[in-house]
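Notes for the one structure printed next.
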Amino acid sequence: MAEDYTYFEFDKAGEVATITLNRPDKLNAFNLEMLFEFRRIVDDLRIDLDTRFVILTASGRAFCAGIDVTEKAREDWYADPRQPNERLFQESGQNLVRDFTNLHQITIAAINGACVGLGLGLVTVCDFRVMAEDAYYSIPETAIGIGYSVSCLYPLLALIGPAQARRMIMTCDPVSAQESKQMGLTHSVVPADELMSASLELIEKLSTKGPTALRLVKRMINAATVHQMADLAAMEPELVQAFYRATGDIDEGLSAYREKRPARFKLETD
Amino acid sequence: MRKRETRQSLAHRYVSHERRSSERLTVVRDSGVAVVTLNRPRRRNALNRELLLALKDTVGWLRADTDTRVVVLTGAGDSFCAGVDISAEGRRDFYMPPQQNERLYQEGGQDIVWGLQSLPQVTVAAVNGPAIGWGTGLATSCDFRFVSDKAFFRIPEIGFGMYYDVGCLYGLLSLVGPAQARRLTMLGEDIDAQEAKRIGLVDQIVSSDELGDVARGWARDMADRATDAVRLVKMQLYASTNARKRHLASLEIELMSCYYDSNTDRYEGLAARENGRLPVFSREAIKM
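Here the protein sequences line up with chains L and P, keeping their order. The numbering used here puts the first residue of the first sequence at 1, with every later residue one more than the last. The numbering used here puts the first residue of the second sequence at 1001, with every later residue one more than the last.
Below is the structure:
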C-alpha cells in the first residue's frame, strides 16, 4: 500500500485485506497515534468495494495488550484536540469500534497471542475469531480500577452472556484458547503456525456464499445485538468521565500496578 | 488551570488550521456559539455531494470543539434546505468517492444525522425558509427549531418514488409522534410554521427578518447557561429516544441500497415531476 503507517502493516491482495497491529515491543498496545492510524484504515476499508474480507492480526508474541497505560502514553492521552478530555476520548474510541463493527467486509480476527482489554473489544466485533492454541483473553480493567468501556462490553456480552461476561470482567481471570472455544467466544483454535492458513481457509469457505446475503446477515446480527445497546453506548462517555473525575481510581490503580502493590481504591464511605 | 488553558489554545490552533469554513458551508464561531450556514442559495441550499461532505466534516470536528457550547444551523438566502439535490447536475457526481453507491451514500448520510443528534452542544435550527426532505431531517436532528413565519416543512420523497431515508425518520417520529409523522411522510403535506408549532415540530415562530438575530441572541444566552448538566440531560434524552433506533437505521442502509437497485419508481417520479404530469408507479403484483 502507498499509505504509510507507523504502527500497522496494511496489505490488500485480491478480495482480502490484512491489518497487522505492528508495535510488537509494546505488545501492540494502542497509544494515541495508533488509534488514529486504525481510524484511517477503517475509513479506507469502508469505501473499498473490492475488498470483501478483512483479517485482523498482529506481529510479535502478543495480539494486543489493550490501551497503552504507561505514563508516557497517558501524558499524550488528551493532547489531541480531537479528544481533549475523557468524554471525547471515549466517544472517539466508541465511534472507531462502531465503524469497525459496521464494515461491510466480513472480518476475521487471527489471534496470535495475548488479547487484552481493548484488543478483546476489537476481536469481539469481528465476525469470526481464529486463535492460536497458546493465546488467551484477559480483561484486567477492574483490577486497575476502571470499567470495561469504549463500547467493548456489548459485543462480549452478546457472544458469551452475562454470567461469563461477569466472570471475565469482575475476576479478571484470563481465558485460554481452548476454554474460549467451549464458551463460544472463539470459532476455532489452531497451532500458532497455522493461524493464517486457517483464516484463509475460512475465507475460502465464506467466499462461495452469496456476498450480499453475507453482508445482510452480518448487519442483521449486529442490529439484533450490539446496536440494541446504542442508547447505553450514548451515555457511556459521560458516565466514564464522571466516574474518573469523581474517584481518581484510575490514577491509584495505575500507580499500584506500576509499583506492584495492592491498590487502595476509593470507597463510598471515604 | 494552566494546563487547561494550554489545551484550549491547542484546540484553537487546530481550529484555525483544520476547522475551516468552506464556500458551501460557512462556520462562524464567536462567544461559545458556532453558526453553521448551508450556503448554496441559488440551489435553495440543496445538498449535493460537496455540501454533504462539508457538513459531515463540520459535525465531526464541532463535537470536540469544547469552546463551542451552542450550535446554530441555518441556510443562506430564502430557503433553509431543499433536501438532496435531485437536479441532473446534482445527481451527476453523486456516486463519486467516498459515496460510490447508494449504500455508501446512506452510510455517510447517517453519519451526519447521528452526528448532529449526538453533538454535545445545544443545537438549534434557525429555519429561515422551506425545509424540504433532508432539510426537515436536519431541522429535526437539532434540539430546538426556531422558524421564520414564511418557512414550511415538506417531505415529498415518497411521492417521487423515493424514500425518507438516511436515518431522518426517527428524529421526526420522536418529535411529533406516529400520526403526524404518517401525515408528513405518507401524504407529503406541507406543514406551515403555525401548523408546525401546533404539532410540536417547532419551538418558536419569528418574523423572517428577525429570525437570524433572535436565534443568535438566544444562542448567546444559552451559551452562558450550557452547563455540564445541560449536556447530560441532552444525552439522556437522545439515548432515550433516537439512539434506540440505531439498530433499525443500520438495516436501513442495506434496505435503501437494495430498494433503489430493484425499484425504478424514482425515475418515473422525477420524469413526471419535470413534465408536470402524474407519475405511474410500478406495483408489487409484478412477481419476482
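Heads up, the beta-carbon is just placed ideally off N, CA and C, and yes, glycines get one too. Being a predicted model, the structure only gives us computed values, none of them experimental.
Backbone CA spacing between P:A1082 and P:L1062 [nearest angstrom]: Start at 1 with the first residue of the second sequence, and residue 1082 of chain P comes out as number 82. Start at 1 with the first residue of the second sequence, and residue 1062 of chain P comes out as number 62. Approximately 24 Å between the Cα atoms of the pair.
Buried versus exposed call for L:I108 [16 or more other C-beta atoms within 10 Å across all chains shown]: In the first sequence, residue 108 of chain L corresponds to position 108, counting from 1. It is buried - the Cβ of L:I108 has at least 16 other Cβ atoms within 10 Å.
Got a sec, what are the start and stop residues for the alpha helix (DSSP H) L:K218 sits in? As a first step, residue 218 of chain L is located in the first sequence; it is residue number 218 there, counting from the start. Segment 211-224, the alpha helix (DSSP H) holding L:K218.
At a CB distance below 7 Å, what residues from the segment 233-258 of chain L approach chain P? Give them in sequence order. Result list: A234, M235, E238.
Name the two residues that bound the continuous beta strand (DSSP E) containing P:G1075. By one-based count along the second sequence, residue 1075 of chain P stands at place 75. Looking at the DSSP string, the run of the beta strand (DSSP E) that includes P:G1075 is 1070-1075.
Would you tell me roughly how many angstroms separate the C-alpha atoms of P:L1211 and P:F1080, rounded to the nearest one? The count along the second sequence starts at 1 and reaches residue 1211 of chain P at position 211. The count along the second sequence starts at 1 and reaches residue 1080 of chain P at position 80. Distance between the alpha carbons of P:L1211 and P:F1080 is about 12 Å.
Using the rule of at least 16 other Cβ atoms within 10 Å of the residue's Cβ for burial, across every protein chain shown, is P:E1018 buried or exposed? Position 18 of the second sequence, counted from the first residue, corresponds to residue 1018 of chain P. The predicted model places P:E1018 with a pLDDT of 49, which falls under 50 and marks its position as unreliable; any figure quoted below should be read in that light. Flag for P:E1018 reads exposed.
Taking all protein chains shown into account, decide if P:E1005 is buried (16 or more other Cβ within 10 angstroms of its Cβ) or exposed. Walking along the second sequence from the start, residue 1005 of chain P turns up at place 5. Residue placement at P:E1005 is poorly supported in this model, since its pLDDT is 41, which falls under 50; the coordinates still yield a value, given next. Label assigned to P:E1005: exposed.
Determine the extent of the alpha helix (DSSP H) in which L:R39 is found, giving its start and end residues. Counted from its first residue, the first sequence places residue 39 of chain L at position 39. Here the alpha helix (DSSP H) through L:R39 covers 32-46.
Cβ pair count under 8 Å reaching 3, the segment 116-136 of chain L against the segment 60-70 of chain L: yes
Against chain L: residues of the segment 1263-1287 of chain P by CB proximity under 7 Å: none
Short CB-CB distance (under 8 Å) between P:R1091 and chain L: Position 91 of the second sequence, counted from the start, is the residue given in the question as residue 1091 of chain P. By this cut-off, P:R1091 is not an interface position.
Cα-Cα, which of P:V1033, P:G1032, P:L1052, P:D1030 is closest to P:N1039? Against the second sequence, residue 1039 of chain P aligns to sequence position 39. Here the closest residue by C-alpha is P:L1052.
Taking the C-alpha atoms as reference points, what is the distance between L:L32 and L:F38? The residue labelled residue 32 of chain L in the question sits at position 32 within the first sequence. The residue labelled residue 38 of chain L in the question sits at position 38 within the first sequence. Going by the C-alpha atoms only, they are around 10 Å apart.
Assign L:A79 to one of two classes, buried (16 or more other C-beta atoms within 10 Å of its C-beta) or exposed (fewer than that). As a working mapping, residue 79 of chain L is identified with position 79 in the first sequence. By the neighbour-count rule (16 or more Cβ atoms within 10 Å), L:A79 is not buried but exposed.
L:K260, buried or exposed, once every other Cβ within 10 Å from all chains shown has been counted against 16: Taking the first residue of the first sequence as 1, we reach residue 260 of chain L at position 260. Exposed.
When you compare each of L:L206, L:Y137, L:E71 to L:Q178 by their alpha carbons, which one comes out closest? Within the first sequence, numbered from 1, the residue matching residue 178 of chain L stands at position 178. Checking every option, the nearest Cα to that of L:Q178 belongs to L:Y137.
Grab the span of the beta strand (DSSP E) containing L:I108 for me, first residue to last. Here residue 108 of chain L corresponds to residue number 108 of the first sequence, with the count starting at 1. That run of the beta strand (DSSP E) goes 106-111.
Sequence-distant residues of the same chain with beta carbon closer than 7 Å to P:S1289, five excluded per side: In the structure as shown, chain P starts at 1001 and stops at 1288, and residue 1289 of chain P therefore has no counterpart that could be examined.
Where does the unbroken alpha helix (DSSP H) through P:S1174 begin, and where does it stop? Position 174 of the second sequence, counted from the first residue, corresponds to residue 1174 of chain P. That run of the alpha helix (DSSP H) goes 1168-1187.
Rounding to the nearest angstrom, what Cα-Cα distance links L:V69 and L:L254 in this structure? Against the first sequence, residue 69 of chain L aligns to sequence position 69. Against the first sequence, residue 254 of chain L aligns to sequence position 254. Approximately 8 Å between the Cα atoms of the pair.
For P:L1025, write down the residues that DSSP places opposite it in a beta bridge. Within the second sequence, residue 1025 of chain P is the residue found at index 25, counting from 1. Answer is P:L1038, bridged to P:L1025.
Residues of the segment 75-92 of chain L with Cβ closer than 9 Å to any Cβ of chain P, in chain order: Y78, A79, D80, P81, R82, Q83, P84, N85, R87, L88, E91, S92
CB contact below 8 Å: P:Q1236 versus chain L: By 1-based counting over the second sequence, the position of residue 1236 of chain P is 236. Judged by the 8 Å Cβ criterion, P:Q1236 is in contact with chain L.
At a CB-CB cut-off below 9 Å, which residues of chain L make contact with P:Q1194? Your numbering for residue 1194 of chain P matches position 194 in the second sequence. Per Cβ cutoff of 9 Å: no residues; P:Q1194 is ~34 Å from chain L at best.
Quick one: is P:R1244 near chain L, going by C-beta distance under 8 Å? As a first step, residue 1244 of chain P is located in the second sequence; it is residue number 244 there, counting from the start. So, interface residue.
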